[in-house]
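Working notes, structure below.
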Amino acid sequence: MSKAQSNLDLPAILGNLSAYRRRGSDKLILRRPGGFSKKQFQNDSGLEATRNNISDFGGCNKMTNAFRHAISPLLRLGDPNFTGALNQLFRMIQRRPSGTLRGVKSILLSQNRGMVSGFTLNRDRPFEGILRDYIPVEVNREQLTVTIALPALSPGINLRIPWEAPYYRIILSLGIAGDIIYGERGFESTYSGPGYGRLAQTEWCHQEADAGPTQLSVQLTGQVIPDSASLIVGIGIEMGMPDKYGEIVHVKYAGSAKVLEVF
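As numbered in my numbering, residues 1 to 263 make up the sequence shown, in order.
Here it is as structure tokens:
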């Protein structure tokens, strides 16, 4: 794969090259298809390790997808490419001893929750650099609840917002993701219930005004979760701008979020 600086850099004969751009980059990316034939890939004994690696990576993709569902209220606040870093993290968890062989290796999030706590969805503008204060967290697994105590926020002291949008609000989310294990139908989650995150959020506040301390709580109802399922707490800040009717609406590509705790 190669990159062109502009449209004028394209070769005179493209052949079977495909070209595309990725959000967040000003480069034009060229890709040439290649690799083994389907029959060769399925039957060549020399490609067994490759087949196992691809199978395991498919398990990681399922784990990443389940995790994204669990933090769904925060996805619009993250960088466009944070999923790759999340995949790498779950690949590290998958490589830890789990009692399963290559090609069918489980991703046991429930046994490695500490590795995911604190994961940031933003590289250049992490949440910790914006809301610079300790946030107490109270969780209850039996009741499926989480409560945070937000401190008083003062612009320039413990709140440093890098965007020009005038309003902000804090979002708390709670969702569920199970371990990923290999079964009769391939990689499957140990949790089959709804995993999408639910949220609570503060009122909109002007970024130049002080905000008093407040609490946010989220509770999941009507669900029974196995020990192999994990509850994911996320926190984020989103920016708002008044529209032509005076209603405050979310500003795209302005915000930051992180995984606050996994329990």
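Yeah, the Cβ is synthetic: ideal placement off N, Cα and C, and Gly gets one too.
Does the distance from the C-beta atom of residue i to that of residue j stay below 8 Å?
i    : j    : result
R125 : S256 : yes
T64  : N87  : yes
A165 : A19  : no
I176 : S106 : no
L75  : I148 : no
Q223 : Q143 : no
V259 : Y182 : no
Which one or two residues does DSSP pair with residue i in a beta bridge?
i    : result
E138 : T147
L86  : For L86, which the question treats as bridged, DSSP gives no partner whatsoever.
Q201 : I171
Y182 : F187
E238 : R169, G255
P126 : None; P126 has no bridge partner.
Q219 : T145
P155 : L159
E261 : V233
V249 : M241
G70  : Per the sequence shown, the amino acid found at residue 70 is Ala instead of Gly. Note: A70 sits in no beta bridge, so no partner.
Between residue i and residue j, how many whole angstroms is the CB-CB distance? I'm expecting something under 8 Å.
i    : j    : result
T214 : L150 : 5 Å
I237 : F119 : Actually they do not touch by this definition, with Cβ atoms about 16 Å apart.
K146 : V262 : Per the sequence shown, residue 146 should be read as Val rather than Lys. With a Cβ gap of about 11 Å, V146 and V262 do not count as contacting.
L77  : L121 : 6 Å
Can you give me the C-alpha to C-alpha distance between residue i and residue j, rounded to a whole angstrom?
i    : j    : result
M92  : Y245 : 49 Å
L174 : L17  : 43 Å
Q42  : I54  : Interpretation of Q42 is limited by its pLDDT of 47, a score under 50 that renders its predicted location unreliable; no figure is taken from the coordinates.
H250 : G234 : 18 Å
D44  : D56  : Since pLDDT at D44 reaches only 49, below the 50 mark, its modelled position is unreliable, and the value read off the structure follows with that caveat. Each residue's Cα considered, the two are about 18 Å apart.
Q111 : P242 : 45 Å
A209 : G186 : 53 Å
M239 : A85  : 24 Å
G178 : R21  : 34 Å
L109 : K62  : 12 Å
R31  : R123 : 26 Å
D133 : E184 : 47 Å
Q40  : G58  : The pLDDT assigned to Q40 is 45, lower than 50, so where the model puts this residue is not dependable; a value taken from the coordinates is nonetheless given after this. Taking the straight line from one Cα to the other gives about 20 Å.
Chain D beta carbons: is any one of them nearer than 8 Å to that of residue i?
i    : result
E188 : Protein chain content of the structure displayed is limited to a single chain, and chain D is not contained in it.
Evaluate contact between the region 151 to 159 and the region 223 to 233, counting only Cβ atoms and requiring at least three cross-stretch pairs below 8 Å.
-> no
Decide yes or no for the touch test of the region 196 to 205 against the region 57 to 71: beta carbon pairs closer than 8 Å, at least 3 of them.
-> yes
Is it true that the region 167 to 186 meets the region 199 to 206, where meeting means three or more beta-carbon pairs spaced less than 8 Å apart?
-> yes
Should the region 131 to 140 be regarded as contacting the region 78 to 96, the criterion being three or more beta carbon pairs within less than 8 Å?
-> no
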